[in-house]
Every structure is written in C-alpha cells, then in structure tokens.
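Undergrad: Those protein sequences? They're chains V and R, same order as listed.
Residues in the first sequence are numbered from 1 upward in steps of one, following this note's numbering.
Residues in the second sequence are numbered from 247 upward in steps of one, following this note's numbering.
Structure in structure tokens, see below.
Protein chains: 2
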Amino acid sequence: MTNSLSITLDRTSPVPLYFQVAQQIEAMIDAGTLPAGHRLDNEIQLADQMGLSRPTMRQAIQHLVDKGLLVRKRGVGTQVVHSMVKRSVELSSLYDDLALASKRPTTTVLNMARVPAEDDVAVALRVPPGTEVVHLQRLRCAQGEPLAIMHNWLPDGLTDLTVERLEQRGLYEMLRAAAVHMRVANQRIGARAATLAEAKLLHERRGAPLLTMSRTTYDDNGRAVEYGSHVYRATLYTFEIALVER
Amino acid sequence: MTNSLSITLDRTSPVPLYFQVAQQIEAMIDAGTLPAGHRLDNEIQLADQMGLSRPTMRQAIQHLVDKGLLVRKRGVGTQVVHSMVKRSVELSSLYDDLALASKRPTTTVLNMARVPAEDDVAVALRVPPGTEVVHLQRLRCAQGEPLAIMHNWLPDGLTDLTVERLEQRGLYEMLRAAAVHMRVANQRIGARAATLAEAKLLHERRGAPLLTMSRTTYDDNGRAVEYGSHVYRATLYTFEIALVER
DNA sequence: GACATCAGAATGTCCTGACAAAGTCTTGAC
DNA sequence: GTCAAGACTTTGTCAGGACATTCTGATGTC
Numbered sequence: 001m002t003n004s005l006s007i008t009l010d011r012t013s014p015v016p017l018y019f020q021v022a023q024q025i026e027a028m029i030d031a032g033t034l035p036a037g038h039r040l041d042n043e044i045q046l047a048d049q050m051g052l053s054r055p056t057m058r059q060a061i062q063h064l065v066d067k068g069l070l071v072r073k074r075g076v077g078t079q080v081v082h083s084m085v086k087r088s089v090e091l092s093s094l095y096d097d098l099a100l101a102s103k104r105p106t107t108t109v110l111n112m113a114r115v116p117a118e119d120d121v122a123v124a125l126r127v128p129p130g131t132e133v134v135h136l137q138r139l140r141c142a143q144g145e146p147l148a149i150m151h152n153w154l155p156d157g158l159t160d161l162t163v164e165r166l167e168q169r170g171l172y173e174m175l176r177a178a179a180v181h182m183r184v185a186n187q188r189i190g191a192r193a194a195t196l197a198e199a200k201l202l203h204e205r206r207g208a209p210l211l212t213m214s215r216t217t218y219d220d221n222g223r224a225v226e227y228g229s230h231v232y233r234a235t236l237y238t239f240e241i242a243l244v245e246r
Numbered sequence: 247m248t249n250s251l252s253i254t255l256d257r258t259s260p261v262p263l264y265f266q267v268a269q270q271i272e273a274m275i276d277a278g279t280l281p282a283g284h285r286l287d288n289e290i291q292l293a294d295q296m297g298l299s300r301p302t303m304r305q306a307i308q309h310l311v312d313k314g315l316l317v318r319k320r321g322v323g324t325q326v327v328h329s330m331v332k333r334s335v336e337l338s339s340l341y342d343d344l345a346l347a348s349k350r351p352t353t354t355v356l357n358m359a360r361v362p363a364e365d366d367v368a369v370a371l372r373v374p375p376g377t378e379v380v381h382l383q384r385l386r387c388a389q390g391e392p393l394a395i396m397h398n399w400l401p402d403g404l405t406d407l408t409v410e411r412l413e414q415r416g417l418y419e420m421l422r423a424a425a426v427h428m429r430v431a432n433q434r435i436g437a438r439a440a441t442l443a444e445a446k447l448l449h450e451r452r453g454a455p456l457l458t459m460s461r462t463t464y465d466d467n468g469r470a471v472e473y474g475s476h477v478y479r480a481t482l483y484t485f486e487i488a489l490v491e492r
C-alpha cells in the first residue's frame, strides 16, 4: 500500500523541485502506476524519501490537489482521486485543445481587419467605443469537419498578426510568443440557434443548436488583451470542467 | 500608494490567520477600499504590519491570487486585479446560485423513485448496471418562469430524501446536511435541441436550443455521490466561469 | 454487544531564516 | 542622447521545527 515513489530530482535544473515532484506524480497517475484510491505515504515520509523538506513536499501535493488529482484528509492521508477527471478548462485555446487531442485542427481566416470597436467589444476590452481594434473571424475545423466560428477582437498594436501564422499556430500561441502574459479570463457559456449564415459555414441546418462561448482575457497588468465570441457545433463539441472544493 | 491595510486579527479564533487576512482583504476589494490596480505593500512589510510571518502572509495572498482577485509579479509586487471577474463556478447547485441572486427559485418534484441503474448512470456512479439507485426528476423555476429540467441519480441509502425538503431547500443542501462531503465534480456542458416533452415543460418550442449540463460529484473518499443530467433554457441561463493561470 | 474514551497518525497552521530569480530603475560609459 | 551594466526591490523557492486539529481504530466499561 505505502509504495515508495521512484522520483528523480535534478537540483541543478531551473525547474522548481516541488514542480518536478508534482509532474512525476501526475505522470504516474496518468500512467496508472498510481491507481485511483491509492494512498500515498504521509508527507513527512515522502519528504524524507526524496530528501526534501516537508513544506516543499506539501507544495507539490497541494499543486496536484488544486488540479483535482489528489485529495487530502486531515488525520487520514492523501489519496489519488477516484475518478477519471478530465483536465479542467485552462487558459488555453481551442487550437491547443484540439492539437493535444490530435484531432488535426485546421483554421481558415475569413476576415482580418482594423475596425472601430462596437459597444459590446469596447466594454469587454475596456476601450472607448469607436477605438480602432483588430477584428478576426476564423473557421476552425477538426478532422476535416467544420467545428466552430470564432470572432476575436484585440487591442490595436498588441502584436503583428499574419494570416499564415494564425492558420498554422492559433491565436493564443501567437500572443504568448509576443510576450503577452495572459493571466485571468472570464468565460460565459450559453446556447442559441444557428443563423442561416452560420449554418452554411458549419454544415448545419438553420436553427440547429449551437454552443456559444464568449471570453475576455486579461494579462498580468489587468489589461484586456482579447475578447472572443465563438459558436460551436453542439453535436461535435462540449466543454469539460473539473471543480475542486478547497 | 502603499496604503497600510487596517486588518484586525483574532488569534484566539479557530479561523486560520491566513484566512482572516484573506477575507478582510477580499472585503476591502469588494467594497472598493482597494481599487483595481492598487499596489499592495510587499509581503514582508505587510507581514510586519500585522505581526505575522511572511509564509502566513504569502498564504493569504496566494489564496486571493487563486481566487483571481490579486496578481503577483516577481520583482514588481502584488496588485488588485483590474477586472470585475465574476466568482468562478463553484461546487454549488443551481438552487444556491439562484437564491444568492434572489431570483425566487421554486422547485417541483416531478418524479422520485428507486430504479435500477441504466448503463450511463451505472458508469457515472461506478455501480454495477442494474443496481438500485434513487432517481429524481425536478422542474426548476425562477421568478415564475420554468428554467430547467433536472434529472439526478444518487446511490441508494445516501440520505433520506423527502419531496417537501427537496422543494424547499435543493438537493445540495440536503446532501450537505447529511454530512456528505462533496469534493470534486466533473461537469460537461453542451447544447442540443429540445424534445417535444421538454419544450412543453419549459414553455419553449420543439427544437429550441437548450443548454445541457451533466455532472458527477464525488465525496472526499472518491465515491460518486450524485450524477445529474440537466437541461436549461438557453434564453434564460448561461454559465459563467473564471479562469486563473497559476 | 454497544457505546464512550483514549492513543496514534496524518494533515493543517504558523514560525524563523536563507538564498535565487526576475523585473525595474539608476548609473555610467560611449 | 543612447544603450548597457549593475544595484535594488520584490516575489519565488526551500529548509527545519513546533504545535493544533481531526480522523481512525483500539481499548475498556457498562
């Protein structure tokens, strides 16, 4: 039961020790080496086994608790969560998600232009109405089938967008490459019926149910760096969210 | 700029010190005493001001960073997040959410029975197919308008459900009162068209877009304690989610 | 046999101390 | 005037220790 974890630490690495530990434990959970319900040794023993202090070991465990992979109970111990919880929705883009799931995502840029901000966009980006912003409209496909229509608005001058790179990399990767540090986002998920134009693009019938998601993303200065308003084919896409009570 | 926070600590209280600090800072942010963008003193000064150690002060700040209220940058400092981010989706029920928003929620129990678990329910609750489980069907209204049809399945013997209390309190409050410690949940949000029966109950037309949410909730032993499959009127309900990059 | 009490085990909280890394700003050289 | 190097500030990481709180299980009593 109290399996001594085989974890190797590299103290010369710039990667924090607690993170090295967390990553390797996560890998073992994914691989099934640590099955659901498995009880870990107590923090002090674990720390001793790896030659770490208890706070560092705690930090590693806490990281995985926050991720929803482990559960701690005072007086009892730490257990691997008994569920195949999907990774929680993270600050990632649809492109990243699809690429990870190896769904062969492709993107077509339908529109890219500088436009004056409409009221809703201006509110979301916290700029005066009418300010010039960059507007993007893209069609995202997975495995050849159209999946989503994506509208994005960005403050002007944030980064140089090119059609080629957008189609090859996705918006979020471009922003990250431009040293934009996205920190918090506010998502709203809803549903509505497809308009005729949307239906044509998505190979659906008019009135077909679509999943809608609008999101405003802020960087670490609190500046809004992106506002997106997307629709997804409900038959092909769902959002998965893991919730952890702390 | 570097405003000395007026925070009172009660060291005799069972409430952890870091939590007392976090709560009071949060209250000041909500009240506007700490406006968006305000820079806090550095951790060491704050800790000194309150007579705390730096780790405790850090824990308080970290708590608020996780909640998306503060942002830290190494070499720079800690700032109040510059956005009116809604509180993130938490392990709460629709009833709680509505009650909080004072939307006068009402519930009608349409069905309550012990039934053998169908395959999908059995998988979600991790019981053998055919096991007796409690099934609930409820209609949730807000301000007199029908809002959602909710199907729930619970393992048998978890708690004594009564129609009256379900209609007055909501399922989650009953579970909490029965000492069920809900810890993690797995949500899936999608959309589909309303069936005829659903349309009638919800005062919508057949084929109208509905928001769907299915959720499995686990307690701190990893046992599945509830599986729910709900549909919401897309015109009346959306999910709000706040994401914080750590 | 059922229930209360107590010891043990594990995490939760809090402390002090130290060094590393990253960002900002000033200083200085060219 | 511009750019780079270095000082300074601030958070990030890590160590080791102490006591509190909570849960489990065993012990003992009625």
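All C-beta atoms, glycine included, are put in the ideal place defined by N, C-alpha and C.
Keep in mind the model is a prediction, meaning the values are calculated, not measured.
Closer than 7 Å by beta-carbon distance: list the chain R residues that pair up with G170 (chain V), in chain order.
TA: Per Cβ cutoff of 7 Å: no residues; G170 (chain V) is ~17 Å from chain R at best.
Undergrad: Please check if any C-beta of chain R sits within less than 9 Å of the C-beta of V133 (chain V).
TA: Answer no: the Cβ-Cβ gap between V133 (chain V) and chain R never drops below 9 Å.
Undergrad: Distance cutoff 9 Å, beta carbons only. Does E226 (chain V) sit that close to anything in chain R?
TA: So, not an interface residue.
Undergrad: Check whether the Cβ of L154 (chain V) lies closer than 9 Å to any Cβ atom in chain R.
TA: Chain R, which has no Cβ nearer than 9 Å to the Cβ of L154 (chain V), makes this no.
Undergrad: Can you pull the chain R residues whose beta carbon is under 8 Å from the beta carbon of R188 (chain V), in chain order?
TA: Neighbours of R188 (chain V) on chain R, chain order: T484, F485, E486, I487.
Undergrad: Please list the terminal residues of the continuous beta strand (DSSP E) segment that includes I257 (chain V).
TA: Any question about residue 257 (chain V) goes unanswered here, given that chain V covers just 1 to 246.
Undergrad: Given a threshold of 16 other Cβ atoms within 10 Å of its Cβ, counted over all protein chains shown, does P351 (chain R) qualify as buried or as exposed?
TA: With 16 or more Cβ atoms within 10 Å of its Cβ, P351 (chain R) is classed as buried.
Undergrad: Mind checking P209 (chain V): buried by the 16 CB within 10 Å criterion, or exposed?
TA: Buried: at least 16 other Cβ atoms inside 10 Å.
Undergrad: Please report the Cβ distance between A439 (chain R) and G453 (chain R), rounded to the nearest whole angstrom; I am assuming they are in contact, meaning their Cβ atoms lie under 8 Å.
TA: Between G453 (chain R) and A439 (chain R) the Cβ distance is about 5 Å, and since that is below 8 Å, they are a contact.
Undergrad: R87 (chain V) to P128 (chain V), Cα distance in whole Å?
TA: Annotation note: pLDDT 47 at R87 (chain V) (below 50); position unreliable, no value reported.
Undergrad: Tell me which residues of the region 440 to 455 of chain R have at least one Cβ-Cβ distance to chain V shorter than 8 Å, keeping chain order.
TA: Listed by position, the residues of the region 440 to 455 of chain R near chain V (Cβ gap below 8 Å) are G453, A454, P455.
Undergrad: For a cutoff of 9 Å on Cβ pairs, would you count N288 (chain R) as touching chain V?
TA: Answer no: the Cβ-Cβ gap between N288 (chain R) and chain V never drops below 9 Å.
Undergrad: Taking the beta carbon of V15 (chain V) as the centre, do at least 16 other beta carbons fall within 10 Å, making it buried, or is it exposed?
TA: By the 10 Å Cβ count, V15 (chain V) comes out exposed.
Undergrad: Throw me the rounded Cβ distance for the V134 (chain V) and Y227 (chain V) pair, which I believe falls under 8 Å.
TA: Rounded, the Cβ-Cβ distance is 11 Å, inconsistent with contact.
Undergrad: Secondary structure at I253 (chain R), three-state DSSP: helix, strand or coil?
TA: In the structure shown, I253 (chain R) sits in coil (DSSP, three-state: anything other than H, G, I, E or B).
Undergrad: Following the continuous beta strand (DSSP E) through E240 (chain V), name the residue where it begins and the one where it ends.
TA: Where E240 (chain V) is concerned, the enclosing beta strand (DSSP E) stretches over 239 to 244.
Undergrad: Kindly list, in the order they appear in chain V, the residues whose Cβ is closer than 9 Å to that of V490 (chain R).
TA: Those are L91, R183, V184, A185, listed as they occur along chain V.
Undergrad: Less than 9 Å between CB atoms is the rule here; does Y218 (chain V) satisfy it with respect to chain R?
TA: Yes, its Cβ sits closer than 9 Å to a Cβ of chain R.
Undergrad: Scan the region 64 to 77 of chain V for residues whose Cβ lies nearer than 8 Å to a Cβ of chain R and list them as they occur along the chain.
TA: Hits within the stretch, in order: D66, G68, V71, K73.
Undergrad: Anything in chain R within Cβ reach of V127 (chain V), meaning under 8 Å, just list it in chain order.
TA: The contacting residues do not exist; V127 (chain V) stays about 13 Å from chain R at best.
Undergrad: From which residue to which residue does the beta strand (DSSP E) around V379 (chain R) run?
TA: First-last of the beta strand (DSSP E) with V379 (chain R): 378 to 388.
Undergrad: Enumerate, from N- to C-terminal direction, the unbroken alpha helix (DSSP H) stretches of 4 or more residues contained entirely within the region 388 to 474 of chain R.
TA: Runs found: 409 to 415, 417 to 423, 442 to 448.
Undergrad: Considering only their Cβ atoms, is the gap separating A388 (chain R) from L447 (chain R) smaller than 9 Å?
TA: Cβ distance not < 9 Å, so L447 (chain R) and A388 (chain R) don't count as in contact.
Undergrad: According to the neighbour-count rule (16 or more other Cβ atoms, all chains shown, within 10 Å of its Cβ), is V327 (chain R) buried or exposed?
TA: Buried, by the Cβ-count rule.
Undergrad: If you check the beta carbons only, do R223 (chain V) and P155 (chain V) fall under 9 Å apart?
TA: Cβ atoms of R223 (chain V) and P155 (chain V): closer than 9 Å.
Undergrad: Measure from the C-beta of L393 (chain R) to each C-beta in chain V and report whether the shortest distance is under 9 Å.
TA: By this cut-off, L393 (chain R) is not an interface position.
Undergrad: Among R:Q414, R:L412, R:L421, which residue has its Cα nearest to the Cα of G403 (chain R)?
TA: Closest by alpha carbon: R:L421.
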